[in-house]
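> Please see the structure below; I have some questions.
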Amino acid sequence: MKISARNQLKGKIVEITKGATTAHVRIDIGGAIVTSSITNAAVDDLKLTVGKEAYAVVKASDVMIAID
């Protein structure tokens, strides 16, 4: 896979919840969970299943940092 996005978080799919048109895919990236909203068609096209390795790819023009 080659992609221009710098923020690629590899993990394992732990949950897929399909709605009428959109699915929520939860990926465990080493103890933290990242949730993505994608179409049901994308879930089917990518053959996503619980337990499969996948990447959460974040594409943004800005990444902000915060502290407490």
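The numbers in the working numbering rise by one with no breaks, and the one at position 39 of the sequence shown is 39. Every residue, glycine too, gets a C-beta built ideally from N, C-alpha and C.
1) With C-beta atoms as the reference, is I13 less than 8 angstroms away from V25?
2) Grouping DSSP H, G and I as helix and E and B as strand, with all else coil, what is D28?
3) Between A56, D68, K18, which lies nearest to D44 when the distance is taken from Cα to Cα?
4) So within the region 16–61, which uninterrupted alpha helix (DSSP H) runs reach at least 4 residues, ignoring any that extend past its ends?
5) Given V57, which residues of its chain have a CB within under 8 angstroms of its CB, disregarding the five upstream and five downstream residues?
In short, the structure shows the following:
1) yes
2) strand
3) K18
4) 40–45
5) I3, A5, N7, Q8, L9
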